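K.L.:
So the sequence lines, in the order shown, correspond to chains A and B.
The numbering of the first sequence is my numbering, which starts it at 1 and goes up by one.
The numbering of the second sequence is my numbering, which starts it at 318 and goes up by one.
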Amino acid sequence: MTSTPTPPIASEDSLTTQGASGGPRPVKKLSRLEKRAIAAKGKLSSPWASGIAILLAILWTVPTVGLLVTSFRPQIDILSSGWWTTLRDPEFTLSNYEQALYGSSANLATYFVNSIVITLPAVVIPITLALLASYAFAWIDFKGRSILFVAVFALQIVPIQITLIPLLRQYVQWDIAGTFWTVWLSHSIFALPLAIFLLHNFMKDIPPSLVEAARVDGAGHVKIFFRVLLPLLVPAIASFAIFQFLWVWNDLLVGLTFANPDSRPLTVAVADLAGSRGGDWHLLTAGAFISMIVPLVVFLALQRYFVRGLLAGSVKG
Amino acid sequence: MDWWKYADTPLEKFGLMFLAIALFVIVMGVILVAVDRPKRVPRWLVTLGFVGPALLFITFGLVIPGVRTIYQSFFDNRSVEFIGFDNYVQAFTQDQFQIVLRNTAIWVIVVPVAATIIGLIYAVLVDRTRFEKLAKALIFIPMAISMVGASIIWKFVYEFRPDQGNIQQIGLLNQVVVWLGFEPQQFLIGQPANTFFLIAVMIWIQTGFAMTILSAAIKAIPDDIVEAARLDGLKGVQMFRFITVPSIRPALIVVLTTIAMGTLKVFDIVRTMTGGQFGTSVVANEFYTQSFRMNNIGLGAALAVILFVLVIPLVIYNVRQLRISEEIR
Numbered sequence: 001m002t003s004t005p006t007p008p009i010a011s012e013d014s015l016t017t018q019g020a021s022g023g024p025r026p027v028k029k030l031s032r033l034e035k036r037a038i039a040a041k042g043k044l045s046s047p048w049a050s051g052i053a054i055l056l057a058i059l060w061t062v063p064t065v066g067l068l069v070t071s072f073r074p075q076i077d078i079l080s081s082g083w084w085t086t087l088r089d090p091e092f093t094l095s096n097y098e099q100a101l102y103g104s105s106a107n108l109a110t111y112f113v114n115s116i117v118i119t120l121p122a123v124v125i126p127i128t129l130a131l132l133a134s135y136a137f138a139w140i141d142f143k144g145r146s147i148l149f150v151a152v153f154a155l156q157i158v159p160i161q162i163t164l165i166p167l168l169r170q171y172v173q174w175d176i177a178g179t180f181w182t183v184w185l186s187h188s189i190f191a192l193p194l195a196i197f198l199l200h201n202f203m204k205d206i207p208p209s210l211v212e213a214a215r216v217d218g219a220g221h222v223k224i225f226f227r228v229l230l231p232l233l234v235p236a237i238a239s240f241a242i243f244q245f246l247w248v249w250n251d252l253l254v255g256l257t258f259a260n261p262d263s264r265p266l267t268v269a270v271a272d273l274a275g276s277r278g279g280d281w282h283l284l285t286a287g288a289f290i291s292m293i294v295p296l297v298v299f300l301a302l303q304r305y306f307v308r309g310l311l312a313g314s315v316k317g
Numbered sequence: 318m319d320w321w322k323y324a325d326t327p328l329e330k331f332g333l334m335f336l337a338i339a340l341f342v343i344v345m346g347v348i349l350v351a352v353d354r355p356k357r358v359p360r361w362l363v364t365l366g367f368v369g370p371a372l373l374f375i376t377f378g379l380v381i382p383g384v385r386t387i388y389q390s391f392f393d394n395r396s397v398e399f400i401g402f403d404n405y406v407q408a409f410t411q412d413q414f415q416i417v418l419r420n421t422a423i424w425v426i427v428v429p430v431a432a433t434i435i436g437l438i439y440a441v442l443v444d445r446t447r448f449e450k451l452a453k454a455l456i457f458i459p460m461a462i463s464m465v466g467a468s469i470i471w472k473f474v475y476e477f478r479p480d481q482g483n484i485q486q487i488g489l490l491n492q493v494v495v496w497l498g499f500e501p502q503q504f505l506i507g508q509p510a511n512t513f514f515l516i517a518v519m520i521w522i523q524t525g526f527a528m529t530i531l532s533a534a535i536k537a538i539p540d541d542i543v544e545a546a547r548l549d550g551l552k553g554v555q556m557f558r559f560i561t562v563p564s565i566r567p568a569l570i571v572v573l574t575t576i577a578m579g580t581l582k583v584f585d586i587v588r589t590m591t592g593g594q595f596g597t598s599v600v601a602n603e604f605y606t607q608s609f610r611m612n613n614i615g616l617g618a619a620l621a622v623i624l625f626v627l628v629i630p631l632v633i634y635n636v637r638q639l640r641i642s643e644e645i646r
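#1: At which residues does the alpha helix (DSSP H) containing D549(B) begin and terminate?
#2: Kindly identify the DSSP beta-bridge partner or partners of G178(A).
#3: Could you tell me whether the Cβ atoms of I456(B) and G525(B) are closer together than 7 Å?
#4: Of the residues V363(B), V417(B), L451(B) and G436(B), which one's Cα is nearest the Cα of M519(B)?
#5: As a quick exercise: from L252(A), G279(A), A133(A) and F258(A), pick the residue whose alpha carbon is nearest that of V583(B).
#6: Once DSSP output is grouped into helix, strand and coil, what is the label at F72(A)?
#7: Does the segment 107-127 of chain A come close enough to the segment 170-184 of chain A that 3 or more CB-CB pairs lie under 8 Å?
#8: If you scan the segment 184-235 of chain A from start to end, which runs of the alpha helix (DSSP H) of 4 or more residues do you find wholly inside it?
#9: Is Y388(B) close to chain A? Criterion is C-beta to C-beta, closer than 7 Å.
#10: Fully enclosed by the segment 558-615 of chain B, which beta strand (DSSP E) runs are 3 residues long or longer?
#11: According to DSSP, is F399(B) helix, strand or coil?
#12: Using the rule of at least 16 other Cβ atoms within 10 Å of the residue's Cβ for burial, across every protein chain shown, is Y102(A) buried or exposed?
#13: Do you know offhand how far K322(B)'s Cα is from Y634(B)'s?
#14: Quick one: using the 10 Å Cβ neighbour count with 16 as the cut-off for buried, is N612(B) buried or exposed?
#15: What's the C-alpha gap between L418(B) and T606(B)?
#16: Give the residues from the segment 227-257 of chain A that approach chain B closer than 9 Å (Cβ to any Cβ), ordered along the chain.
#17: So which residues of chain B does W281(A) contact, with C-beta pairs closer than 8 Å?
#18: With which residues is F392(B) paired in a DSSP beta bridge?
#19: Residues of chain B with a CB under 8 Å from the CB of F180(A): which are they?
#20: Considering Cα atoms alone, identify which of T326(B), V358(B), Y405(B) and V474(B) is closest to V600(B).
#21: Starting from E500(B), trace the alpha helix (DSSP H) both ways and give me its first and last residue.
#22: Determine, for A533(B), whether the minimum Cβ-Cβ distance to residues of chain A falls below 7 Å.
#23: Would you decide whether S390(B) is buried or exposed? Buried here means 16 or more other CB atoms lie within 10 Å of its CB.
#24: Here's the rule I'm using: 16 or more other beta-carbon atoms within 10 Å means buried, otherwise exposed. How should F226(A) be labelled?
#25: Beta-carbon of A293(A) versus every beta-carbon of chain B: anything under 7 Å?
#26: Under 7 Å between beta-carbons, which chain A residues line up against Y405(B)? List them in chain order, please.
#27: To the nearest angstrom, how far is it from the Cα of V358(B) to the Cα of D141(A)?
#28: Give me the residue from F245(A), L256(A), V69(A) and D280(A) with the minimum Cα distance to W306(A).
#29: Looking at the structure shown, is S291(A) part of a helix, part of a strand, or coil, going by DSSP?
#30: Could you tell me which whole alpha helix (DSSP H) segments of length 4 or greater appear in the segment 96-130 of chain A?
#31: Take W424(B) as the anchor and find which of Q523(B), P539(B), V571(B) and G550(B) has the nearest alpha-carbon.
#32: If distances are taken between C-alpha atoms only, which option among A154(A), F202(A) and A259(A) comes closest to L229(A)?
#33: Once you ignore the five residues that flank V397(B) on each side, which residues in its own chain have a CB closer than 8 Å to its CB?
#34: Measure from the alpha carbon of V380(B) to the alpha carbon of each residue in G255(A), Y97(A), S134(A) and L192(A), then state which is nearest.
#35: Smallest Cα separation from R478(B): which of A259(A), I78(A), G255(A) and R73(A)?
#36: R445(B): buried (16+ other C-beta within 10 angstroms of its C-beta) or exposed?
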């Protein structure tokens, strides 16, 4: 699962900019990659190929654009004509968002806060725990290490469904059911196997000589972890953090199971809206976009890390 | 003393959040400081300090509940009476659940295959073109949004208005159907096609993932192979068929199995778009319905176990393929 190659990502930027300069190139020996880029350019000049590519790009974009445009149209317009007619007589309003955020039927502002409150600890806690555990798996020699690691690795595939009811019962027994604490705890637990596995892979890539040198200097494991490894792992941590952030923010099942009506996240509230007020497209479109805006911004700003995380371990489901 | 359990105002909620993080940092800090004495603390204690908390979480939250659920799946819906395999028999023989199993099978086959094919074609088409970055981002964006959001986006695309008088279609797909001169359809209600309209949403989400992984794999194909093939006169489709696809075979398998595993557990789309009605339910959704709506704990547990068992062959296949490809290297 880790054998997916990572290195090409770094060269991506240099490649994409090369094609842009169509003019006469300075006379010099072309690098291999440049040659390949030129050779590949012929491909898209085939009208069929570019036609298919453009068609796919449109198919993948138009539904989202439709939602976005609709969310700004007045309620009456939404129900009487398609969003693609907006160009004829454009009329936009923010009242859908106002109603979705603060109206009594949706009140998504509350759940927006909940989503933030749920997500931050649910990212920080599993990453910290996983960092420590993966350090031990990578650099502390202890008995039963490989068996434990394989066990943790294998637990990645356990569908969280199988844990929900007994966990919920336990929370009820402790009298904390429905609180944020259960949501934080559950998200942290479910994230751990993948987090340990991924971070362990990054940890292993660090040259042993660095760790050895620190050890010779008399540093204990805690010092080695903080002084030597942590600074080198920042990009890996960022990759996983974004991954986990999007996973928690977009999660429905955990929120639905463990949160109560006061602590539930945006996804649960919006899904509820879709079930109970399925025809209220002014609320639904605005609500859906409110729930999408944060992950979209995070994704667009940090795409590079996200892709790296995806390539490093593509197993979470 | 319930203030730490329930928070009402945003301020209280954020306060609670920072309290939780602070508590966590303090506990972990104490553990680490305690084991940070290389000479005096025995090594097993240091090890425990590092792996202990994570293992505790995993044991408490994954291992024990998992075993309990397996145990419960052999009991009746009140978890009192032992009934052997009755829940499983029910899940495999009743008509209602056979539809669920059939749908799950369709999902698990169609989504990975379609998403991988589309992702691969797109990755090849935009590879090293001027618009590569933008083109990829467009396909990739659905990965970033929630399945709930995606479901609403597509529910709106499928929206139906009866075909009478001045009523205009507001769903894009039905408008296209009308433009083409046909009657508008209730896409989410007509069986069995509705399952495929739900599947389209998952394909829409997963294609970006397939494309990203496969695109990286394509870029990693060694230059000399491509060069040699070109000298041999391979072009376009031939190059794709004989060089690209075989070279990225391991990545293809990872993508197929990963998407299949994700698809097996998909629940958000079905729940948001149809609620599992009109014969669209899948195992993951049925698990939720039985466990939390119908209070059929035993049957719900059996469905969860079935979900777990279905994942295993996929993982074994995945691991075995990885091993083979590593041996070749």
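C-beta: ideal position from N, C-alpha, C; glycine also.
Every value quoted in this text rests on a predicted model; they were computed, and no experiment measured them.
P.N.:
Checking against the coordinates, here is how it stands:
#1: Premise fails: D549(B) is in no alpha helix (DSSP H) and is neither H nor E.
#2: G178(A) pairs with A259(A).
#3: Cβ distance < 7 Å, so I456(B) and G525(B) count as in contact.
#4: Ranking the options by Cα distance to M519(B), first place goes to G436(B).
#5: If we check each option's Cα against that of V583(B), L252(A) comes out closest.
#6: In this structure, DSSP gives F72(A) a state outside helix and strand, which the three-state scheme calls coil.
#7: Yes, the segment 170-184 of chain A touches the segment 107-127 of chain A.
#8: 208-216, all fully within the segment 184-235 of chain A.
#9: No - not a single Cβ of chain A is within 7 Å of the one on Y388(B).
#10: Restricting attention to beta strand (DSSP E) runs no shorter than 3 residues, the segment 558-615 of chain B encloses none.
#11: In the three-state DSSP reduction, F399(B) falls in the strand class (E or B).
#12: By the C-beta density criterion, Y102(A) is exposed, having fewer than 16 other C-beta atoms within 10 angstroms.
#13: Roughly 45 Å separates the two Cα atoms.
#14: With fewer than 16 neighbouring CB atoms inside 10 Å of its own CB, N612(B) falls in the exposed class.
#15: Taken atom to atom, the span from the alpha-carbon of L418(B) to that of T606(B) is near 15 Å.
#16: So the close ones are L246, W249, N250, D251, L252, L253, L256 and T257.
#17: F473, E476 and I487, listed in chain order.
#18: Note: F392(B) sits in a beta bridge opposite F399(B).
#19: Neighbours of F180(A) on chain B, chain order: A324, K330, L333, M334 and A337.
#20: Ranking T326(B), V358(B), Y405(B) and V474(B) by CA distance to the CA of V600(B) puts Y405(B) first.
#21: Counting along the chain, E500(B) falls outside any alpha helix (DSSP H), and DSSP gives it neither H nor E.
#22: Answer yes: the Cβ-Cβ gap between A533(B) and chain A drops below 7 Å somewhere.
#23: Buried, by the Cβ-count rule.
#24: Flag for F226(A) reads exposed.
#25: As written in the sequence, residue 293(A) is Ile, which differs from the Ala given in the question. Answer no: the Cβ-Cβ gap between I293(A) and chain B never drops below 7 Å.
#26: Under a criterion of Cβ atoms nearer than 7 Å, no residue of chain A is adjacent to Y405(B); the nearest Cβ is some 14 Å distant.
#27: About 15 Å.
#28: The amino acid at residue 306(A) is misidentified as Trp; the sequence shows Phe. Of F245(A), L256(A), V69(A) and D280(A), the smallest CA-CA separation from F306(A) is found for F245(A).
#29: Three-state DSSP puts S291(A) in a helix.
#30: List check, alpha helix (DSSP H) in window: nothing returned.
#31: Among Q523(B), P539(B), V571(B) and G550(B), the Cα nearest to that of W424(B) is on Q523(B).
#32: The shortest C-alpha separation from L229(A) is found at F202(A).
#33: So the list is empty, once near-sequence residues are dropped.
#34: Across the set G255(A), Y97(A), S134(A) and L192(A), the C-alpha of L192(A) shows the shortest separation from the C-alpha of V380(B).
#35: Per the Cα distances, I78(A).
#36: Counting Cβ neighbours within 10 Å, R445(B) comes out buried, since at least 16 surround it.
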